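Asks: Take a look at the following structure, please.
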Ligand SMILES: Nc1ncnc2c1ncn2[C@@H]1O[C@H](COP(=O)(O)OP(=O)(O)OP(=O)(O)O)[C@@H](O)[C@H]1O
Ligand SMILES: [Mg+2]
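Chains as they are written, first to last, in this note's numbering: chain A, 5 to 233; chain B, 4 to 357.
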């Protein structure tokens, strides 16, 4: 394997157009936006379905439908409909994020101990308080699992942006293939993989800090306040 | 006072879970709902804090219909304890207990102070405050559950099988502490159990439910044991209800004899220099070389049940009474006890017909 592209300092110059840091940044940008939009859509819907128990077929089927939808095909369809640009890419990636977040939010809400929720209501919490102070924090471990897998999928799939002329680490793959420059392809693959690993570690740390130790069974040595409601 | 007025609850697609229930739970007392599984105890309890809405009829607290108030506001004024405690696993013990004060608008600091205070009340040391429920035993969780219900000092408490998830020894101590606490606080309490012993021990009044959500009898534990309304209640309160009802009389009514009278039964009570009993000698226990232990003593504040038990289990059929200093001050012979029980029976029979 030829790693000359990856280790050529010229390709790491943040000022140069098409350099690895620039591609990395745009790659992260598409991924972050898709995660943001996807979560903004899926989280409230999942919480609502989980809290009320209404429309659960939606949450269950979303998972299956999502998995069987080819992102590249969807992207091409969007480009045909909307033309080139950022929007079709974001739509395709957002569609990728929704199923895991929706399904895990719902699963997290359904896995809650019913007697705890009952106690919360019985003590006089209003429905929104039950949701925000009890159900959501208790569902957080499962929910975070879904979010992390969505993040990994998006990071891996955001390479498709390059297929419709945008940036991102997919550029290295597509240009490398077009030019028979396998060193460049390798560089793209390695950077995407590294990005996924780093991001997952980071999300793992975030999860540790926002999920109550009372839920994870972690021994509580230090005094800590209750998680923000 | 909590009033059930012709309350009916029919769940969709079911027969009546509660059927024309009318009763009054006295203020400042413990009313126990008892009965076999599925007879509507929990359903009745939950209609008090509107966790369940009656199909017809009304539930009133101090004359006010519970539906007259916003439901969250109503519930914040009623302590609620459920089986297995139902603690919030993601919150520390002190945060769990501070829940209702916070809902009622206390500051964090005030709520925490109130929570620590009430934790102490239920016998949990400060060191537990910052633990999570998963780090507590079942009995400790149950105490936290009670503390959480008490934190905002509500006048009314609803408890659904609060002591059922723990072993008998822990249950016993929780029950004892609960009674001690209630003696201090004087809350109006509705408590559900399916254990008739618990009902008799804890209840000032007991509501016995039967299948189909009907009230079979409403009365004091004593009334239940001595005058069951019908065969169902008689059966439910159990075969040894006669023996159990002896708990309601104290031993001070039992006539005692001087210890020397044991000679009539062929026994001699050996005392130490301070007058405390060492045991029995004589032909009644097979003339041993060293005294046979008495197996326990009673004082005049014990129950008639304790005296009877001692007389039955004593090696010579004699229960030994001691004074406050532990010195023997009299004995009760088996025969005398039987006579006493017979006369007691005569008295309560007279009360019944009076
Ligand atoms: N949400 C519900 N939907 C339908 N039926 C219900 C519901 N809750 C209770 N029931 C029925 O109502 C009846 C009374 O139930 P309830 O829970 O009040 O009994 P219980 O006396 O508390 O019994 P246990 O001692 O087993 O707790 C039962 O037949 C039960 O199946
Ligand atoms: Mg019940």
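Virtual Cβ for every residue (Gly too), placed ideally from N, Cα, C. Remember, predicted model here, so these are calculated numbers, not experimental data.
For residue 137 (chain B), which residues in chain A fall below 7 Å Cβ to Cβ?
Replies: If you number the second chain from 1, residue 137 (chain B) lands on position 134. Within chain A, the residues near residue 137 (chain B) are 218 and 221.
Asks: Distance check for residue 113 (chain B) and residue 40 (chain B), CA to CA, integer angstroms please.
Replies: Counting from one through the second chain, the residue named residue 40 (chain B) turns up at place 37. Counting from one through the second chain, the residue named residue 113 (chain B) turns up at place 110. Going by the C-alpha atoms only, they are around 41 Å apart.
Asks: For residue 123 (chain A), would you say it is in contact with chain B, using Cβ-to-Cβ distances shorter than 8 Å as the test?
Replies: As a working mapping, residue 123 (chain A) is identified with position 119 in the first chain. Yes, residue 123 (chain A) lies at the interface with chain B (some Cβ there is under 8 Å from its Cβ).
Asks: Check this for me: beta carbons of residue 358 (chain B) and residue 218 (chain A), under 8 Å apart or not?
Replies: Since the first residue shown for chain B is 4 and the last is 357, residue 358 (chain B) is missing from the structure and cannot be characterised.
Asks: Does residue 120 (chain A) come within less than 8 Å of chain B when only Cβ atoms are used?
Replies: Position 116 of the first chain, counting from 1, holds the residue named residue 120 (chain A). With 8 Å as the cut-off, residue 120 (chain A) counts as an interface residue toward chain B.
Asks: Would you verify that the beta carbon of residue 5 (chain B) is, or is not, closer than 8 Å to some beta carbon of chain A?
Replies: Counting from 1 along the second chain, the entry for residue 5 (chain B) is found at position 2. Judged by the 8 Å Cβ criterion, residue 5 (chain B) is not in contact with chain A.
Asks: Quick one: complete alpha helix (DSSP H) runs, 4+ long, within the stretch 140-227 of chain B?
Replies: You should have 141-153, 171-188 and 199-205.
Asks: Using 7 Å as the cut-off, classify the Cβ of residue 163 (chain B) as near or not near the heavy atoms of ligand 2, replying yes or no.
Replies: Taking the second chain and counting its residues from 1, one reaches residue 163 (chain B) at position 160. The answer is yes for residue 163 (chain B).
Asks: Would you report the Cα separation of residue 175 (chain A) and residue 26 (chain A), rounded to the nearest angstrom?
Replies: Within the first chain, the letter at position 171 stands for residue 175 (chain A). Within the first chain, the letter at position 22 stands for residue 26 (chain A). Roughly 11 Å between the two C-alpha positions.
Asks: At a CB distance below 8 Å, what residues from the stretch 96-110 of chain B approach chain A? Give them in sequence order.
Replies: Those residues of the stretch 96-110 of chain B that come within reach of chain A (Cβ to Cβ, closer than 8 Å) are 98, 102, 103 and 106.
Asks: Measuring only between beta-carbons, confirm whether residue 103 (chain A) sits less than 8 Å from chain B.
Replies: The residue labelled residue 103 (chain A) in the question sits at position 99 within the first chain. Answer no: the Cβ-Cβ gap between residue 103 (chain A) and chain B never drops below 8 Å.
Asks: For residue 117 (chain B) versus residue 136 (chain B), is the C-beta spacing smaller than 8 Å?
Replies: Counting from 1 along the second chain, the entry for residue 117 (chain B) is found at position 114. Counting from 1 along the second chain, the entry for residue 136 (chain B) is found at position 133. Contact flag unset, no.
Asks: So, does the stretch 313-326 of chain B touch the stretch 284-304 of chain B, judging by three or more C-beta pairs under 8 Å?
Replies: In short, these stretches touch, since the Cβ pair count reaches three.
Asks: Within 8 Å (strictly less), CB to CB, does residue 87 (chain B) reach chain A?
Replies: Here the question's residue 87 (chain B) lines up with position 84 in the second chain. Yes, because at least one Cβ of chain A sits closer than 8 Å to the Cβ of residue 87 (chain B).
Asks: Under the three-state reduction of DSSP, which class applies to residue 254 (chain B): helix, strand or coil?
Replies: As a first step, residue 254 (chain B) must be located in the second chain, where it is residue number 251. Of the three classes helix, strand and coil, the one that applies to residue 254 (chain B) here is helix, per DSSP.
Asks: Going by beta carbon distance, what residues of the same chain come within less than 8 Å of residue 9 (chain B), once the five residues before and after it are set aside?
Replies: Reading the second chain from its first residue, position 6 is the one you call residue 9 (chain B). Only 23, 24, 25, 59, 60 and 61 meet the Cβ criterion.
Asks: Is the stretch 258-278 of chain B touching the stretch 332-341 of chain B in the sense that three or more CB pairs, one from each, lie closer than 8 Å?
Replies: Contact between the stretch 332-341 of chain B and the stretch 258-278 of chain B is present, because at least three Cβ pairs lie under 8 Å.
Asks: Would the stretch 56-72 of chain A count as touching the stretch 177-184 of chain A if we require 3 or more Cβ pairs under 8 Å?
Replies: Touching, no.
Asks: Just how far apart, CA to CA, sit residue 214 (chain A) and residue 173 (chain A)?
Replies: As a working note, residue 214 (chain A) is residue 210 in the first chain. As a working note, residue 173 (chain A) is residue 169 in the first chain. Approximately 31 Å between the Cα atoms of the pair.
Asks: Measuring from each Cβ to the nearest heavy atom of ligand 1, keep the ones under 5 Å and list them in chain order.
Replies: My final list is B:14, B:17, B:20, B:40, B:41, B:42, B:43, B:44, B:45, B:46 and B:197.
Asks: Please state whether DSSP places residue 88 (chain A) in a helix, a strand or coil.
Replies: For the purposes of this step, residue 88 (chain A) is taken as the residue at position 84 of the first chain. Note: residue 88 (chain A) maps to coil in three-state DSSP.
Asks: Among B:141, B:79, B:56 and B:337, which has the Cα closest to the Cα of residue 257 (chain B)?
Replies: The residue labelled residue 257 (chain B) in the question sits at position 254 within the second chain. Among B:141, B:79, B:56 and B:337, the Cα nearest to that of residue 257 (chain B) is on B:337.
Asks: Hey, does residue 75 (chain B) have any beta-carbon neighbour from chain A nearer than 8 Å?
Replies: Reading the second chain from its first residue, position 72 is the one you call residue 75 (chain B). Yes, its Cβ sits closer than 8 Å to a Cβ of chain A.
Asks: Since residue 46 (chain A) and residue 105 (chain A) should fall inside the 8 Å C-beta cutoff, what is the C-beta to C-beta distance between them, to a whole number of angstroms?
Replies: Here residue 46 (chain A) is taken as the residue at index 42 of the first chain, counted from 1. Here residue 105 (chain A) is taken as the residue at index 101 of the first chain, counted from 1. With 8 Å as the limit, residue 46 (chain A) and residue 105 (chain A) qualify as a contact, their Cβ atoms being about 4 Å apart.
Asks: Which complete alpha helix (DSSP H) runs does the stretch 30-105 of chain A hold, if anything under 4 residues is left out?
Replies: Taking only runs of at least 4 residues, the alpha helix (DSSP H) segments lying wholly in the stretch 30-105 of chain A are 60-72 and 75-86.
Asks: Rounded to whole angstroms, what's the CA-CA distance from residue 198 (chain B) to residue 137 (chain A)? Just pull it up for me.
Replies: Taking the second chain and counting its residues from 1, one reaches residue 198 (chain B) at position 195. Taking the first chain and counting its residues from 1, one reaches residue 137 (chain A) at position 133. Going by the C-alpha atoms only, they are around 35 Å apart.
Asks: Mark residue 283 (chain B) as exposed unless 16 or more other C-beta atoms lie within 10 angstroms of its C-beta, in which case mark it buried.
Replies: On the second chain, position 280 is the one that residue 283 (chain B) refers to. It is buried - the Cβ of residue 283 (chain B) has at least 16 other Cβ atoms within 10 Å.
Asks: What does the Cβ neighbour count give for residue 18 (chain B), buried or exposed, with the cut at 16 atoms within 10 Å?
Replies: As a position in the second chain, residue 18 (chain B) is number 15, starting the count at 1. Classification of residue 18 (chain B): exposed, given that the 10 Å Cβ count is below 16.
Asks: The alpha helix (DSSP H) that contains residue 85 (chain B), what's its start and end?
Replies: Your numbering for residue 85 (chain B) matches position 82 in the second chain. Taken as a continuous stretch (DSSP letters only), residue 85 (chain B) belongs to no alpha helix (DSSP H), as it is neither H nor E.
Asks: Indicate whether at least one CB of chain A lies closer than 8 Å to the CB of residue 93 (chain B).
Replies: Here residue 93 (chain B) refers to the residue found at position 90 of the second chain. Taking Cβ atoms only, chain A reaches closer than 8 Å to residue 93 (chain B), which makes this a yes.
Asks: At a CB-CB cut-off below 9 Å, which residues of chain E make contact with residue 78 (chain B)?
Replies: Structure shown: chain E not included; protein chains present are A and B.
Asks: Does the beta carbon of residue 54 (chain B) come closer than 8 Å to any beta carbon on chain A?
Replies: For the purposes of this step, residue 54 (chain B) is taken as residue 51 along the second chain, with counting starting at 1. Output row for residue 54 (chain B): interface = yes.
Asks: Going along chain B in order, which residues have a C-beta closer than 9 Å to the C-beta of residue 113 (chain A)?
Replies: Within the first chain, numbered from 1, the residue matching residue 113 (chain A) stands at position 109. Near residue 113 (chain A) there are no residues of chain B at all, since even the closest Cβ is about 14 Å away, more than 9 Å.
Asks: In whole angstroms, what separates the C-alpha of residue 11 (chain B) from that of residue 312 (chain B)?
Replies: Counting from one through the second chain, the residue named residue 11 (chain B) turns up at place 8. Counting from one through the second chain, the residue named residue 312 (chain B) turns up at place 309. Using only the alpha carbons, I get a separation of about 44 Å.
Asks: Using 7 Å as the cut-off, classify the Cβ of residue 37 (chain B) as near or not near the heavy atoms of ligand 2, replying yes or no.
Replies: Along the second chain, one-based indexing puts residue 37 (chain B) at 34. Answer for residue 37 (chain B): no, Cβ out of range of ligand 2.
Asks: Under 7 Å between beta-carbons, which chain B residues line up against residue 138 (chain A)? List them in chain order, please.
Replies: Here residue 138 (chain A) refers to the residue found at position 134 when the first chain is read from its first residue. What residue 138 (chain A) touches in chain B: 91.
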